[in-house]
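Structure, as structure tokens:
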Amino acid sequence: MFGLDTLGKAVGQLVNGFETNVRQGQQQLEKALGDAGVLDAATLSTITEMSDAYRTMAEDLLLHPLRFAGAELDLARKHAALGHYTLARLVGKHKQPVVEPEADDRRFQAEEWHKHLPFDVLHQAYLINSQAFLNWAAGMEGIPPAGRDQMLFYARHLTSALSPSNFPATNPEVLRITWERKGMNLIDGGRQLIEDLRQNPSLFNVGMTDRSAFEVGRNLATTPGKVVFQNELMQLIQYSPTTETVSKRPLLIVPPWINKYYILDLTARNSFIQWLVNQGQTVFIISWRNPGPSLRDKGWEDYMELGPLAAMDAVTEATGEDQMNLIGYCIGGTLLGSTLAWLKKKGRNPVASATYLTTLLDFSDPGGIGVFINDHSIRGIEKMLERKGYLDGRAMAFTFNLLRENELFWSFWTNNYLKGQKPAAFDLLYWNTDGTNLPARMHSYYLRQMYLNNRLVKPDSLNLLGESINLSEIDVPSFFLSARQDHIAKWKTTYKGALALGGDVRFVLSGSGHIAGVINPPYKEKYGYWTNDTLVPDADTWFEKSEHHPGSWWPHWLEWIARFSDGDVPARIPGEGKLPAIEDAPGSYVKVKAAEAVKQ
1 MFGLDTLGKA VGQLVNGFET NVRQGQQQLE KALGDAGVLD AATLSTITEM SDAYRTMAED
61 LLLHPLRFAG AELDLARKHA ALGHYTLARL VGKHKQPVVE PEADDRRFQA EEWHKHLPFD
121 VLHQAYLINS QAFLNWAAGM EGIPPAGRDQ MLFYARHLTS ALSPSNFPAT NPEVLRITWE
181 RKGMNLIDGG RQLIEDLRQN PSLFNVGMTD RSAFEVGRNL ATTPGKVVFQ NELMQLIQYS
241 PTTETVSKRP LLIVPPWINK YYILDLTARN SFIQWLVNQG QTVFIISWRN PGPSLRDKGW
301 EDYMELGPLA AMDAVTEATG EDQMNLIGYC IGGTLLGSTL AWLKKKGRNP VASATYLTTL
361 LDFSDPGGIG VFINDHSIRG IEKMLERKGY LDGRAMAFTF NLLRENELFW SFWTNNYLKG
421 QKPAAFDLLY WNTDGTNLPA RMHSYYLRQM YLNNRLVKPD SLNLLGESIN LSEIDVPSFF
481 LSARQDHIAK WKTTYKGALA LGGDVRFVLS GSGHIAGVIN PPYKEKYGYW TNDTLVPDAD
541 TWFEKSEHHP GSWWPHWLEW IARFSDGDVP ARIPGEGKLP AIEDAPGSYV KVKAAEAVKQ
């Protein structure tokens with residue numbers, strides 16, 4: 001017993017010494033890089049978190065050697081099985097692989113990975129090793145959930161980066177193409193890499209699509225309409241009718257400002273906006289300005305006041321209607337909830353119904369983005385925001401891409417730079433790379449008050465425009481649409497937000513994810529959706545008792561909102577009301593690129 005106690009103390013001292021030395025070295029390196037201006041505060045914060053994660057893993061090796069030994073023994077068994085598999089293939093026997101990629105893992109789909117024994121063994125060995133590493137990291141003890149998620153995030157990225165598919169010498173498909181093209185694929189890939197670096201010299205993002213194939217206003221965001229109002233934060237677009245009569249109450253959409261609004265109006269065939277117009281709705285949408293340093297002091301309250309509140313006044317002036325239906329998408333829905341709670345406090349009732357698309361009101365489980373939500377990370381971001389006055393939209397896009405790194409980074413790395421293939425023309429990916437910047441004050445507030453402290457859902461915790469707000473006081477009929485595979489706004493967390501509201505609330509769950517689950521036109525007959533008109537405290541119980549329906553949720557929602565249309569009136573022509581047309585849709589704000597905005 002004495003020997004074990006002594007050993008335990010010795011290991012503890014070793015771990016403490018290891019931690020102290022690593023921490024001191026890390027702090028010295030961070031200070032040197034920061035003082036030299038080599039890296040900004042946000043990047044230094046990320047490096048700190050990564051090193052903390054890997055340090056925790058090293059400490060676990062010292063503190064729990066038996067658990068590590070058990071993991072090594074299991075790993076040895078699998079490699080022994082891989083050895084038997086190799087011998088069987090060498091003598092011409094068919095044998096089931098020891099391990100196979102997940103169904104959605106496309107890295108090893110090419111037949112060369114399975115046809116040629118060395119690469120068959122290589123990719124199986126990689127899968128065995130990476131899964132063993134991730135399982136070992138997941139089994140570490142004494143780590144809080146947030147720290148565990150962050151550690152697993154960086155562990156996953158390490159294994160993803162080391163995949164043999166990412167290197168020309170270990171990717172048999174790349175080797176074949178290199179032989180067939182006499183190396184021109186690598187030359188073409190190098191040119192593409194240089195061009196992508198030139199496009200984003202300080203914020204490298206892989207090229208995802210042929211940028212020359214699209215232009216906003218030419219073949220994207222083409223639904224006819226007019227800009228009828230604008231201020232320093234947004235333009236308001238009113239769309240031209242395609243029906244003789246329209247619903248009496250107009251429809252105002254509050255889109256996210258983390259991305260551009262035209263995700264709702266990509267092409268005529270997939271456009272939610274065009275579909276709404278064709279169903280007899282008078283549609284207005286906010287097109288947010290792409291901000292630069294000059295808007296650094298615009299905060300959440302400014303987005304409320306100059307966004308939906310100003311837009312509602314403009315819609316009333318344009319149509320003469322004092323009540324309207326509203327849709328909020330993603331952070332636009334979060335702003336909508338804030339605005340409705342404020343309106344309730346003020347005793348105003350301009351909203352007949354509210355629809356929330358993949359919206360977080362309760363941020364208790366923020367999904368994949370949660371790995372970046374901690375005080376240390378946010379302080380690093382705030383230092384960068386203070387220096388620049390904004391968060392670069394390209395950095396935000398890269399952050400979201402990291403949540404699905406194999407699909408949204410490494411696949412393009414391999415195709416573009418190793419295979420030398422030009423990115424295909426894909427409207428959705430063009431939109432994904434057409435980012436918007438975020439003002440410093442607003443983004444700091446959003447990260448701290450919503451994500452970190454989850455204050456929006458706490459009654460009277462936030463004071464906005466002079467009023468303390470309470471979501472439970474919102475009695476506007478509400479429709480929540482969430483997506484089952486959404487990794488940004490997890491559906492069970494959005495369900496908690498639905499429960500936070502007062503009044504009549506309907507919750508509908510779509511198939512697919514954050515974008516495809518929303519942009520799902522009826523003609524595709526894809527994904528389906530689940531309904532259950534009875535909200536219960538537990539999301540899983542709601543789902544167990546829900547009913548599945550094939551196809552798009554759009555017609556189901558249209559039936560719901562018809563209750564709040566207040567009859568029909570002759571179609572309204574943009575610019576013919578009290579608000580004259582300023583310019584044609586899609587307006588000028590949406591055409592400003594993130595890099596251009598920072599120069600304004």
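In this note's numbering, the protein residues as written are 1 to 600.
Built from N, CA and C at the ideal position, the CB exists for glycine as well.
Because the structure is a prediction, the values reported are computed rather than measured.
Taking 8 Å as the upper bound for CB-CB distance, residue 308 and residue 336 are in contact here, some 6 Å apart. Pairing residue 479 with residue 80, the inter-Cα distance amounts to about 55 Å. For residue 568, the enclosing beta strand (DSSP E) begins and ends at 568-570. Pairing residue 166 with residue 414 gives a Cβ-Cβ distance under 8 Å.
Contact check between the stretch 530-538 and the stretch 194-206: fewer than three CB pairs, one atom from each, fall below 8 Å, which does not count as touching. When 213, 487, 223, 288 are compared, the shortest CA-CA separation from residue 268 is found for 223. Taking 8 Å as the cut-off, the Cβ atoms of residue 236 and residue 314 count as close. The DSSP-derived three-state label of residue 549 is strand. Looking at the backbone, the Cα of residue 162 and that of residue 88 are separated by about 27 Å. In this structure the stretch 592-600 lies against the stretch 427-439, because at least three pairs of beta carbons, one per stretch, are closer than 8 Å. Counting the other Cβ atoms within 10 Å of the Cβ of residue 544 gives fewer than 16, which makes it exposed. Here residue 179 is exposed. Its C-beta has fewer than 16 other C-beta atoms within 10 Å.
DSSP links residue 482 through a beta bridge to 509. Taking a C-beta distance under 8 Å as the contact criterion, residue 332 and residue 255 qualify as a contact pair. By the neighbour-count criterion, in which 16 or more other beta carbons inside 10 Å mark a residue as buried, residue 358 falls on the buried side. In the displayed model, residue 257 falls within coil according to three-state DSSP, outside both helix and strand.
Bounds of the alpha helix (DSSP H) holding residue 338 are 331-346. Contact check for residue 258 against residue 286 fails: the beta carbons are separated by 8 Å or more.
Spanning the alpha carbons of residue 271 and residue 519 requires a straight line of approximately 8 Å. Boundaries of the beta strand (DSSP E) harbouring residue 225: 225-230, taken from the DSSP string.
Under DSSP, no beta-bridge partner is assigned to residue 410.
Residue environment: residue 184 is assigned as exposed (fewer than 16 neighbouring CB atoms within 10 Å of its CB, all protein chains considered). Burial is judged here by how many other beta carbons sit within 10 angstroms of a residue's own beta carbon; residue 91 has fewer than 16 and is exposed. Taking C-beta atoms as the reference points, residue 246 and residue 566 fail to come closer than 8 Å.
In the three-state reduction of the DSSP assignment, residue 324 falls in the strand class, which pools E and B. Where residue 247 is concerned, the enclosing beta strand (DSSP E) starts and stops at 245-247.
Listed in chain order, the non-local C-beta contacts of residue 430 below 6 Å within the same chain comprise 209, 214, local neighbours out to five positions each way being set aside. Look at residue 294 here: in three-state DSSP terms it is helix. Cβ atoms of residue 486 and residue 517 come within 8 Å of each other, at about 6 Å. The residues 328, 333, 480, in chain order, have a CB closer than 6 Å to that of residue 356 in the same chain once the five nearest residues on each side in sequence are set aside. Taking the CA atoms as reference points, residue 364 sits about 30 Å from residue 312. Here residue 249 is not near residue 507, since their CB atoms are 8 Å or more apart. Nearest C-alpha to residue 152 among 125, 368, 277, 171: 368. Between residue 193 and residue 451, the gap from beta carbon to beta carbon reaches 8 Å or more. When DSSP states are grouped into helix, strand and coil, residue 310 belongs to the helix group. For residue 575, the closest alpha carbon among the candidates 186, 319, 101 is that of 319.
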